[in-house]
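To start, the structure itself, in structure tokens.
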Amino acid sequence: MSKVILITGASSGIGAACARHAVKAGHKVALAARSLDKLNDLTEELGDDNALAIECDVTYPDQQKAMFDKAVEHFGQIDVVFANAGLGASAKGTENGDVENFKEMILVNNYGVTVTAKHAIPHLKKSGGHLILTGSKAGHINIDGSVYGATKWFIRGYADNLAAELSGTGARVTNINPGMVDTPFFDEEKPDALRPDDIARAFIYAIEQPSHVEIPSIQIYPK
Ligand code: NJP
């Protein structure tokens, strides 16, 4: 059945790949990020009937509220929300990192995700919908980029706590945890890494499960 999917961080990498796979599978996508030009290009590629571009910086709650309002106004409902916007590849550890970079990572990777989830919940309760979070392998191990790594440990804990909060409502939560993926997250190409399409297949698998199936988390690492 066709679903309406709102994706943050849809302008590149994992988010854009999930949008492409979702439309190919017959779903509709609301594409959110700060780079409206990239979202407009992707909307043109996917077709106006299937995609809507929405400019949104997830660190601003009023912009997130407007994002949800636009998506519902356009598509009439929201079945899946993918809280995927994030950054941090350039992050150094705590000793050598820049405190402004710490703040940005925590604001986008954590605060932004909680605001997305808050706006998503009423829609997902109504539609028996699905919240997907982008965690990371870095939320399961310890890495040199300690602040970035900790933002993904937050996502791991938050996904479990949200699932408890939503227990019995019909809404589901899945935390997708990629290892390294070759995306613009990094300044240089990563030939040995996963491809965004690898994550998109996991994303489609998660959202197309019947309502009695719960997938709390997916780990997907390069071989
Ligand atoms: O990276 P990239 P990925 N408000 O840079 C958006 C996690 N992850 O696809 O706003 C709204 O291609 C940005 O859009 P724009 C990672 O932590 C990755 O790899 O236009 N959106 C863009 O669409 C992140 O959570 C790897 O600049 C904001 C998107 O975020 C997710 O995967 C491994 C924003 C980033 O796309 C997607 O990253 C892993 C804001 N304030 C987890 N700031 C990996 N690549 O190896 C940024 O385990 N965005």
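For the sequence shown, our numbering begins at 1 and goes up steadily by one. No residue lacks a Cβ here, since even glycine has one placed at the ideal position from N, Cα and C.
Counting C-beta pairs closer than 8 Å gives fewer than three between the region 95-104 and the region 32-50, which falls short of the contact rule. In the three-state reduction of the DSSP assignment, residue 28 falls in the strand class. Taken through DSSP and simplified to helix, strand or coil, residue 219 comes out as strand. For residue 55, the pairing in a beta bridge is given by DSSP as 33. Residue range 112-127 is occupied by the alpha helix (DSSP H) that includes residue 113, with no beta strand (DSSP E) assigned at that position. Here the alpha carbons of residue 15 and residue 34 stand approximately 13 Å from one another.
In the DSSP assignment, the residues bridged to residue 172 are 130. A distance below 8 Å between beta-carbons, with the five flanking residues on each side excluded, links residue 222 to the following residues of its chain, in chain order: 179, 180, 192, 193, 194. Cβ neighbours of residue 40 within its own chain (closer than 8 Å, five residues either side excluded): 53.
Using a Cβ distance threshold of 9 Å, residue 11 and residue 38 count as a contacting pair. Take the alpha-carbon of residue 151 and the one of residue 145: they are about 10 Å apart. In the DSSP annotation of this structure, residue 89 is not part of any beta strand (DSSP E), being labelled neither H nor E.
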